[in-house]
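From first to last, the protein sequence lines stand for chains W and R. Quick note: to get the working numbering, add 13 to the position in the first sequence (first position is 1). Quick note: to get the working numbering, add 13 to the position in the second sequence (first position is 1). All residues carry an ideal CB built from backbone N, CA and C; glycine is no exception. All remarks here apply to the structure that follows.
Number of protein chains: 2
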Amino acid sequence: MRLSQYFLPVLKETPKEAEIVSHQLMLRAGMIKQQAAGSYSWLPLGFKVLNKVQRIIEEEQNRSGAVQLLMPTIQSADLWRESGRYDAYGKEMLRIKDRHERDMLYGPTNEEMITDIFRTYVRSYKDLPLNLYHIQWKFRDEVRPRFGTMRSREFLMKDAYSFDLDKESATAAYYRMFVAYLRTFARMGLTAVPMQADSGPIGGDLSHEFIILADTGESAVFCNKDLLEKPIPPLDTDFRGDLEPIFRDWTSLYAATEEMVDEDRFTSEVPEDKRVSARGIEVGHIFYFGTKYSKPMKATVTGADGKEIEVHMGSYGIGPTRLVPAIIEAFHDDAGIIWPVSVAPFEAVLINLKAGDEATDAACAEIYAALAAAGIDALYDDRDMGAGGKFATADLIGIPYQLIIGPRGLKSGEAEIKHRGTGERETLPIADAVERIRALVVPQRLDAI
Amino acid sequence: MRLSQYFLPVLKETPKEAEIVSHQLMLRAGMIKQQAAGSYSWLPLGFKVLNKVQRIIEEEQNRSGAVQLLMPTIQSADLWRESGRYDAYGKEMLRIKDRHERDMLYGPTNEEMITDIFRTYVRSYKDLPLNLYHIQWKFRDEVRPRFGTMRSREFLMKDAYSFDLDKESATAAYYRMFVAYLRTFARMGLTAVPMQADSGPIGGDLSHEFIILADTGESAVFCNKDLLEKPIPPLDTDFRGDLEPIFRDWTSLYAATEEMVDEDRFTSEVPEDKRVSARGIEVGHIFYFGTKYSKPMKATVTGADGKEIEVHMGSYGIGPTRLVPAIIEAFHDDAGIIWPVSVAPFEAVLINLKAGDEATDAACAEIYAALAAAGIDALYDDRDMGAGGKFATADLIGIPYQLIIGPRGLKSGEAEIKHRGTGERETLPIADAVERIRALVVPQRLDAI
């Protein structure tokens, strides 16, 4: 993409309304624009990151055996009356009346609707296990939305729902999501720690939050340091096999949010030099809640013995619109964002130090075409402005590699590559530059983990 | 995807509530489920098609120079008060009050919001031309939603908005979209005819609808038959060049919807043997509307001479959730849907005629792995049921190629391929089957046109 033809409204000043660094940087890097309280447009750069985050989530959900569909944003109130949550949900639910005065609502979550889909079509134990998920906009009318897309009212959620015959197989479904979540966050460069969680208003007795550590996290967390360095289940993990050992391994070390922490256990189970007491951001939450919805909504299947069985369910959420700022909280410096390659809006930025100079323009055009031919998703800063502004933009928007071409280098046949993360610079023959970028980028792409 | 692990709730009976064939087939093929009046879940098979349709739209929008972003579904009423449309829009607008009693609405379209984004960031004539688009859910509270997702209340829309300095460059932007639309529909296998249209409530004086002919179309259309056989602008069309000749070529032949038709012109301009009088489905609509929104909303840029200029705008819509049934209206027979490869949910279906038989299962597992390795998106019907049901499902859901493997063929080392569209069958050595499928599929994929 040529920057002169792109829409990248970077800001020089840090907007006053933004309290946390990710919100500030998303505004400054032209990633989002606020449209109303807790409501944001995703501008092109932000939209690209959001898409890559979604793609990683989808790949790992699919790999684990979950099947993607898409439910509408607006729901009928009747479904929620069946589960008993219509009155219970409170003011966070955005309630709507249509032109015929029917009660509708903007879905804050989808347990009721997915249970309705399940009971409409699934009749036999032979059709289980089943895990259905979608990625759709949700609305929760919070009193005080804040921190940009970290806690917005309209937000994107991946929500998966598992259906099983009994608690045992539901637990196996839970383990599959547990492992899929470990892989999902790791592929975005994040160290996410699963912590036993309160099951909250949804209910149930098996529940974990996935937390990444960040100073701006909303809650205090306590865990064993070894959890931060644990290797992630590999690409060839067999999701049809027994995943309980992985689950046991990860949950054997102490980790809890402030709502759940038992300080005696924390100090007795975790050696002093391993105790991590920090702040964290919740980026995923998984629940097992048994027959909480299948019972009132009559979601049953016929078992092998001909009897009707209420299915055991779980739900599994990830917030892509929250993950983007969470990644920024984890990866930034004073100059701006430092994207991991797997979610970077562009993998490299080609910086033309003298746009308008015929030789430099020609060389850059050739390199830009070569980057595209090599399959690199590159931004080409072809703007007619000084080098300082270009470097500042490149640093701010956090593209992993800057390929710098100017008249002086051209004379000696040399290009410069700056690694955004480390600040490292390398000078190399122009002819080798594209291959070098490729060699840097490819091993860090989506499927490298 | 193994069908035994998929969620494909096909129906044997044609649901009574469905009036048109696409609606019937989408329900029967397990593509959608109605959730409320004019509101649908997209079940896995339907969701896959919807995704492919979106991908084609995105590729052609990007190719034409439009830049993708994403605006929220819920909008503040204040923006619509600025343009004067808040009161004018009527009951089709879904109006909402949040917990603080602020007036919100579920966006039926986005002219106001995109104009707000534009005026917030764009200051100079140097930043033009600009075309921003998104694909987002919309809601229009129609009195009588019908025909499934063809006319639903909650629907997906690709809406692009162009910003230019004057009418001349806005017209060039209009031509770019005109050509992008021709390519978009053609890549889905559709023959879409651009017809001069009434500009309706949005206003303006340059407006075309893109119509595909179908007996179930909602409006009568009249056109020159030559338009149905016109070659589409090719892949290497230069969107930075002059596209007026393509526009003139397409619009020189008579074509009009019933709202716009001039019967005298139709009969005088179109030779009798070229007159097509048929019914049509609108799948796209493009408008130029000048300063209709930029003037009241003060979206101006500074010109080269330092003066403030109100920008000239156009908007360009395509409905992906309507395109899916429109494609089915164009491609089906008594047995079911016949997907063009470019939008097919799966490119091939592997039919195991004797699931449970060890040798057949082993052969199919091997072929299924080979299809995946060859990059074919295949469904594997591994269900434990009779061949008749499997053939019926494969025909109903419309997968372009059926690769049929059974114990008898295994003995002679032969497989059968059925072409869903023509009914043609070929018998060939099993060892050649995957390569044959690949050779059939690849030239018809997304990028072949």
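Check	Outcome
Where R:V234 sits in the DSSP three-state scheme	strand
Which of helix, strand or coil DSSP assigns to W:R196	helix
is_contact[R:A49, chain W] using C-beta, thresh 8 Å	yes
Secondary structure, beta strand (DSSP E): runs of 3+ residues fully inside the stretch 292-352 of chain R	313-315, 321-323, 325-331
Where R:D100 meets chain W, residues with beta-carbon distance less than 8 Å	What R:D100 touches in chain W: nothing, since even the nearest Cβ is about 16 Å away.
Whole-Å CB distance - W:Y329 paired with W:I294, under 8 Å assumed	Not quite, the Cβ-Cβ distance comes to about 18 Å (not below 8 Å), so this is no contact.
Outcome for R:G369 when other beta-carbon atoms lying within 10 angstroms are tallied against a minimum of 16	exposed
Three-state secondary structure (DSSP) of R:I69	helix
Where the alpha helix (DSSP H) through W:L453 begins and ends	443-454
Members of the stretch 397-425 of chain R near chain W, C-beta cut-off 9 Å	D397
Distance between R:T197 and R:I130 (C-alpha atoms, nearest Å)	27 Å
Cβ-based contacts, 7 Å cut-off: residues of the stretch 128-149 of chain R near chain W	I130, T133, Y134, L143, L145
Cross-strand partners of W:T440 (DSSP beta bridge)	W:E429
Straight-line Cα distance separating R:Y134 from W:K243	45 Å
Enclosing beta strand (DSSP E) for R:P207 [first to last residue]	205-209
Range covered by the beta strand (DSSP E) that runs through W:F404	Premise fails: W:F404 lies in the alpha helix (DSSP H), 400-410, not in any beta strand (DSSP E).
W:I364 at chain R interface by Cβ criterion, 8 Å	no
Cutoff 8 Å: R:L248 Cβ touching any chain W Cβ	no
Contact list for W:V80 against chain R, beta-carbon separation under 7 Å	Y19, F20, P57
Test: W:Q88 CB closer than 8 Å to a CB of chain R	yes
Own chain residues within Cβ distance below 7 Å of R:I417, not counting five before or after	I364, L366, A428, E429, K431
Residues that W:D177 bridges to, as DSSP identifies them	W:H325
Residues near W:L40 by beta carbon distance below 7 Å, same chain, minus five either side	L24, P28, A31
Neighbourhood of W:F60 by C-beta, 6 Å cutoff - its chain only, sequence neighbours within 5 removed	none
Bounding residues of the alpha helix (DSSP H) (the contiguous stretch that carries R:E271)	Premise fails: R:E271 is in no alpha helix (DSSP H) and is neither H nor E.
R:Y134 in three-state terms, based on DSSP	helix
Neighbourhood of W:Q48 by C-beta distance below 6 Å, restricted to the same chain and skipping five residues each side	S54
Neighbour flag for W:Y53 against chain R, beta carbons, 8 Å	yes
Amino acids of chain W, ordered along the chain, whose beta-carbon sits closer than 7 Å to that of R:E167	P85, T86, I87
R:A199, buried or exposed, once every other Cβ within 10 Å from all chains shown has been counted against 16	buried
Below-8 Å beta-carbon distance, R:K104 vs any chain W residue	yes
Range covered by the alpha helix (DSSP H) that runs through R:Q37	34-41
6 Å CB neighbourhood of W:G43 in its chain, flanking five on each side removed	L21, P22, V23, L56, L58
Distance between beta carbons of W:F191 and W:H221, contact taken as under 8 Å	7 Å
Distance between W:W93 and R:E155 (C-alpha atoms, nearest Å)	24 Å
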